[in-house]
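Everything below concerns the one structure shown next.
There are 2 protein chains.
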Amino acid sequence: MTNKRCGRQTVTLSSPPVMTASAAIVGQKEGSGPIKDRFDQTEPDAYFAQKTWEKGESSMFERCLNLACKKSNIQPNQLDYIFSGDLQNQCAGAAYAMRSTNAPYFGLYGACSTMAESLALAAMMIDGGYAHSCAAITGSHFCTAERQYRFPLGYGGVRTPTAQWTVTGSGCVIVSDRGPGPAITSITAGKIIDLGIKDISNMGAAMAPAAYDTLKTHFEDTGRSPEDYDLIVTGDLGHLGHPIVSELFQQDGVTLTNYDDCGRIIFDREKQDVHAGGSGCGCSAVVLAGHLMRQMQEGKLHKLLFAATGALMSPTTSMQKESIPAICHAVSIEVRQA
Amino acid sequence: MTNKRCGRQTVTLSSPPVMTASAAIVGQKEGSGPIKDRFDQTEPDAYFAQKTWEKGESSMFERCLNLACKKSNIQPNQLDYIFSGDLQNQCAGAAYAMRSTNAPYFGLYGACSTMAESLALAAMMIDGGYAHSCAAITGSHFCTAERQYRFPLGYGGVRTPTAQWTVTGSGCVIVSDRGPGPAITSITAGKIIDLGIKDISNMGAAMAPAAYDTLKTHFEDTGRSPEDYDLIVTGDLGHLGHPIVSELFQQDGVTLTNYDDCGRIIFDREKQDVHAGGSGCGCSAVVLAGHLMRQMQEGKLHKLLFAATGALMSPTTSMQKESIPAICHAVSIEVRQA
Chain A
431 MTNKRCGRQT
441 VTLSSPPVMT
451 ASAAIVGQKE
461 GSGPIKDRFD
471 QTEPDAYFAQ
481 KTWEKGESSM
491 FERCLNLACK
501 KSNIQPNQLD
511 YIFSGDLQNQ
521 CAGAAYAMRS
531 TNAPYFGLYG
541 ACSTMAESLA
551 LAAMMIDGGY
561 AHSCAAITGS
571 HFCTAERQYR
581 FPLGYGGVRT
591 PTAQWTVTGS
601 GCVIVSDRGP
611 GPAITSITAG
621 KIIDLGIKDI
631 SNMGAAMAPA
641 AYDTLKTHFE
651 DTGRSPEDYD
661 LIVTGDLGHL
671 GHPIVSELFQ
681 QDGVTLTNYD
691 DCGRIIFDRE
701 KQDVHAGGSG
711 CGCSAVVLAG
721 HLMRQMQEGK
731 LHKLLFAATG
741 ALMSPTTSMQ
751 KESIPAICHA
761 VSIEVRQA
Chain B
431 MTNKRCGRQT
441 VTLSSPPVMT
451 ASAAIVGQKE
461 GSGPIKDRFD
471 QTEPDAYFAQ
481 KTWEKGESSM
491 FERCLNLACK
501 KSNIQPNQLD
511 YIFSGDLQNQ
521 CAGAAYAMRS
531 TNAPYFGLYG
541 ACSTMAESLA
551 LAAMMIDGGY
561 AHSCAAITGS
571 HFCTAERQYR
581 FPLGYGGVRT
591 PTAQWTVTGS
601 GCVIVSDRGP
611 GPAITSITAG
621 KIIDLGIKDI
631 SNMGAAMAPA
641 AYDTLKTHFE
651 DTGRSPEDYD
661 LIVTGDLGHL
671 GHPIVSELFQ
681 QDGVTLTNYD
691 DCGRIIFDRE
701 KQDVHAGGSG
711 CGCSAVVLAG
721 HLMRQMQEGK
731 LHKLLFAATG
741 ALMSPTTSMQ
751 KESIPAICHA
761 VSIEVRQA
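Going down the list, the protein sequences come from chains A and B.
Read left to right, the first sequence gives residues 431 to 768 (the numbering used here).
Read left to right, the second sequence gives residues 431 to 768 (the numbering used here).
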């Protein structure tokens, strides 16, 4: 076995797999924000033509996978593996959607870190020779998440200023062993970090230490520095978690000048009433599969460190007064010169 | 990239990773059944000395991981990856337990197929050179599952004759690139199969077609036949699902003579009032990590096809009148001659 490990938590990929295509489908609110032109489809119907929001979420996943496959000129049943998961209990949003694919399926639960987790596993499977083409797909839906995690929507509960807004959207990336597209060059898998924060309306603060831990480890393991990337983007720490990560690096004497967060990018804080920004598996998924993939295709972005973050609590653990464990996986993506 | 694929859904591992140690911890009922002497610990306290069953389940996972690591002479923080998941919403049982490990973590959701899913991914990560040692760990708890999926325990609901009994137990396998122990030689990842069964009290029937599909594909992909194994064991189809798989093979003209199911093995159907047998992530996990690992160590079992099955529905999808999607991943395990 060839050792591909680099430091404690990072692997480098000797035959970097390629992100040959991606698709991003979003809801009305996401399709009205600052990056509204960077998605493939905006769906005004929150039910996605289904009878329930949950079925609608599955329909959105299915449509997103099919679109990404079409762009990559592959049929879903030709995929060697699909890596997917979502926020619905028992990850039902993903599982019900992927019934139609007739492709081997690995179900994941990484909360809002799922886009990075699925990309990481897909990339290692391809680099290792276990697959030629994989799909990494996730998403979330504001209405299914609100009623599962918080209150019935009709209740009209007031949101705290620290709350984030769960993105309605699905993002899918096709990863292949050949073809054009940005390459996945290294992966830093995250540990579960829990510094004791219990406020489920302040997930940015709960997840920021996990993001800091994974990013810091990535730089240590690879010998790279933040300036080696054009952009470092975390998952959905939002307007509260983002400055915490910056400050944690500042305490180490490192000023991050090229650092943003998908929860800040997707909505207009002033105009869209989202409080602390976007969240949900779909947030980093559609920002990557929609906006950032286009940035790379347009030659505006060459080296990206994509670090999606997840908060791993449940309503039950919150009721039992537990704190919030968090995780962050980082994937380094580079546009290779032709 | 070396192609390690073999047929549509199978990969063969060129440097077969080794199951260097395992641990199985069970509750009182499991520790009173026919394989009661084949576990490491039986815990009579359903709370595992915690305040809630959910925290108890996490405590059980933590104890199980630590014990398996100890047997394999490794510290949890030396593991390159932990692959884990469970049945609690948001897979909280696993996530909260793994906070203490300080090891990179990939969260999975495969319902009761999680033991095979985690073993499969761990094995490919090691064979591919991305890791030296990984833990594959899962489990379930009767009390947390009953109140999440069915009724409050105090309600004392009558169970249908087709119902299975969720195992309280956790099983962990340490997979390494060197050392003694049975080797993982091939993996057949399953597709999601849904033949339209909606009765959530008859999960054996819902999962049997997925087990049949994966097993049949495994034999086609590898050119092996059922007789090439000493034992083929499915996850937790129980007393109703097991004969369905046998009959589906019979229709193909194949008589399975060496086929059993973990849901049948773990409980005594006559004496333990479990109706259709055991279920839950912990069922196949403790039968493998406890009983079957011992069988292999004792020289009684040399070639095992371990095919854990999962039903991917949720209480929400059932209320929305959805059918039950199922999955089965198969892992071939062989004792190599010294």
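Where a beta carbon is used, it is the ideal one built from N, C-alpha and C, also for glycine.
Can you tell which of Lys481(A), Gly463(A), Phe581(A) has the C-alpha that lies nearest to the C-alpha of Thr747(B)? The residue you call residue 747(B) lines up with position 317 of the second sequence. Nearest of Lys481(A), Gly463(A), Phe581(A) to Thr747(B), Cα basis: Lys481(A).
Going residue by residue through the stretch 678-744 of chain B, where are the continuous alpha helix (DSSP H) segments of at least 4 residues, counting only ones entirely within it? 692-695, 711-716, 723-727
Within 8 Å (strictly less), CB to CB, does Arg435(A) reach chain B? As a first step, residue 435(A) is located in the first sequence; it is residue number 5 there, counting from the start. Answer yes: the Cβ-Cβ gap between Arg435(A) and chain B drops below 8 Å somewhere.
By DSSP's criteria, Arg435(A) is part of a beta bridge. Which residues make up the other side? On the first sequence, residue 435(A) is found 5 positions in, with the first residue counted as 1. Paired residues: Val441(A).
Okay, do the stretch 586-606 of chain A and the stretch 638-645 of chain A touch, 3+ Cβ pairs below 8 Å being the bar? no
Residue range of the beta strand (DSSP E) that Leu661(A) falls in? Taking the first sequence and counting its residues from 1, one reaches residue 661(A) at position 231. Its beta strand (DSSP E) spans residues 661-664.
Does DSSP put Lys500(B) in a helix, in a strand, or in coil? Here residue 500(B) refers to the residue found at position 70 when the second sequence is read from its first residue. Looking at Lys500(B) - three-state DSSP - the assignment turns out to be helix.
Same chain, Cβ closer than 6 Å to Gly611(B), neighbours up to 5 away in sequence not counted: Within the second sequence, residue 611(B) is the residue found at index 181, counting from 1. Same-chain partners within the cutoff: Val448, Met449, Thr450.
Exposed or buried, what is Lys434(A) when buried is set at 16 or more other beta-carbons lying within 10 Å of its beta-carbon? Counting from one through the first sequence, the residue named residue 434(A) turns up at place 4. Answer is buried; the Cβ neighbour count reaches 16.
Top-ranked residue by Cα proximity to Gly769(B), from Asn532(B), Leu731(B), Leu742(B): Only positions 431 to 768 of chain B appear in this structure, which leaves residue 769(B) out of reach.
Could you name the residues of chain A that Cys713(B) contacts, counting a contact when the two beta carbons are closer than 7 Å? The residue labelled residue 713(B) in the question sits at position 283 within the second sequence. Chain A residues near Cys713(B): none, gap ~17 Å exceeds 7 Å.
Cβ pair count under 8 Å reaching 3, the stretch 756-767 of chain A against the stretch 675-691 of chain B: no
Would you verify that the beta carbon of Val704(B) is, or is not, closer than 8 Å to some beta carbon of chain A? On the second sequence, position 274 is the one that residue 704(B) refers to. So, not an interface residue.
Jot down the residue ranges of each uninterrupted alpha helix (DSSP H) in the stretch 538-609 of chain A, minimum 4 residues, whole runs only, in chain order. 544-557, 572-579
Which residue comes first and which comes last in the beta strand (DSSP E) that contains Gly457(A)? For the purposes of this step, residue 457(A) is taken as residue 27 along the first sequence, with counting starting at 1. Counting along the chain, the beta strand (DSSP E) containing Gly457(A) begins and ends at 448-457.
Beta carbon proximity, Asp624(A) to chain B, threshold 8 Å: If you number the first sequence from 1, residue 624(A) lands on position 194. True, the Cβ-Cβ gap to chain B drops below 8 Å.
Measuring CB to CB, does Leu443(A) end up less than 8 Å from Asp557(A)? Working through the first sequence from its first residue, we reach residue 443(A) at position 13. Working through the first sequence from its first residue, we reach residue 557(A) at position 127. Yes; because the gap between Cβ atoms is below 8 Å, this pair is in contact.
Could you spell out the range, first to last residue, of the alpha helix (DSSP H) harbouring Glu473(A)? Residue mapping note: residue 473(A) aligns to position 43 of the first sequence, counting from 1. It is not in any alpha helix (DSSP H) - Glu473(A) instead sits in the beta strand (DSSP E) that spans 471-473.
Please list, in chain order, the chain A residues whose beta carbon lies closer than 8 Å to that of Asp510(B). Here residue 510(B) refers to the residue found at position 80 of the second sequence. Those within 8 Å of Asp510(B) in chain A are Arg435.
In this structure, how does DSSP classify Val765(B) when only helix, strand and coil are distinguished? The sequence position of residue 765(B) within the second sequence is 335, counting from 1. Here Val765(B) sits in coil by DSSP.
Rounded to whole angstroms, what's the CA-CA distance from Ser489(A) to Ala525(A)? Just pull it up for me. Mapped onto the first sequence, residue 489(A) falls at position 59. Mapped onto the first sequence, residue 525(A) falls at position 95. Ser489(A) and Ala525(A): Cα-Cα distance of roughly 11 Å.
If you compare alpha carbons, which of Ile567(B), Asp682(B), Cys758(B) is closest to Ile617(B)? On the second sequence, residue 617(B) is found 187 positions in, with the first residue counted as 1. Nearest C-alpha to Ile617(B): Cys758(B).
Quick test of your reading: Leu735(A) and Ile674(A), contact by CB under 8 Å. State the CB separation rounded to the nearest angstrom. Here residue 735(A) is taken as the residue at index 305 of the first sequence, counted from 1. Here residue 674(A) is taken as the residue at index 244 of the first sequence, counted from 1. Leu735(A) to Ile674(A), Cβ: 18 Å. No contact.
If the criterion is Cβ atoms closer than 8 Å, does the pair Arg577(A) and Leu583(A) meet it? Along the first sequence, read from residue 1 onward, the residue named residue 577(A) stands at position 147. Along the first sequence, read from residue 1 onward, the residue named residue 583(A) stands at position 153. Yes.
So, for Cys499(A): in the same chain, excluding its five sequence neighbours on each side, which residues have a beta-carbon less than 6 Å away from its beta-carbon? Here residue 499(A) refers to the residue found at position 69 of the first sequence. Around Cys499(A): Pro506.
Check each candidate in Ser744(A), Ser514(A), Gly559(A) and name the one with the smallest Cα separation from Leu538(B). For this step, residue 538(B) is matched to residue 108 along the second sequence. That would be Ser514(A), whose Cα lies nearest to the Cα of Leu538(B).
Does Ala575(A) get closer than 8 Å to chain B when you measure Cβ to Cβ? The residue you call residue 575(A) lines up with position 145 of the first sequence. Not an interface residue.
Please report how far the alpha carbon of Ala738(A) lies from the alpha carbon of Ala550(A), in whole angstroms. Walking along the first sequence from the start, residue 738(A) turns up at place 308. Walking along the first sequence from the start, residue 550(A) turns up at place 120. One C-alpha to the other measures close to 11 Å.
Which partner residues of Ser488(B) appear in the DSSP bridge assignment? Position 58 of the second sequence holds residue 488(B). Paired residue(s): none; Ser488(B) is not in a bridge.
In chain order, what are the residue ranges of uninterrupted beta strand (DSSP E) at least 3 long that sit wholly in the stretch 505-535 of chain B? 511-515
Measuring CB to CB, does His721(A) end up less than 8 Å from Ile455(A)? Counting from 1 along the first sequence, the entry for residue 721(A) is found at position 291. Counting from 1 along the first sequence, the entry for residue 455(A) is found at position 25. Contact: no.
I need the DSSP call for Thr482(B), collapsed to helix, strand or coil. Against the second sequence, residue 482(B) aligns to sequence position 52. Coil.
Chain-ordered chain B contacts of Leu686(A) [CB-CB under 8 Å]: Within the first sequence, numbered from 1, the residue matching residue 686(A) stands at position 256. None at all; the shortest Cβ gap to chain B is about 23 Å.
Test: Lys485(B) CB closer than 8 Å to a CB of chain A: Counting from 1 along the second sequence, the entry for residue 485(B) is found at position 55. Yes, because at least one Cβ of chain A sits closer than 8 Å to the Cβ of Lys485(B).
For Ala476(B), the first and last residue of its enclosing beta strand (DSSP E): The count along the second sequence starts at 1 and reaches residue 476(B) at position 46. Run containing Ala476(B): none; DSSP gives neither H nor E here.
Who pairs with Ile757(B) in a beta bridge, going by DSSP? Counting from 1 along the second sequence, the entry for residue 757(B) is found at position 327. Answer by DSSP bridge pairing, in chain order: Gly740(B).
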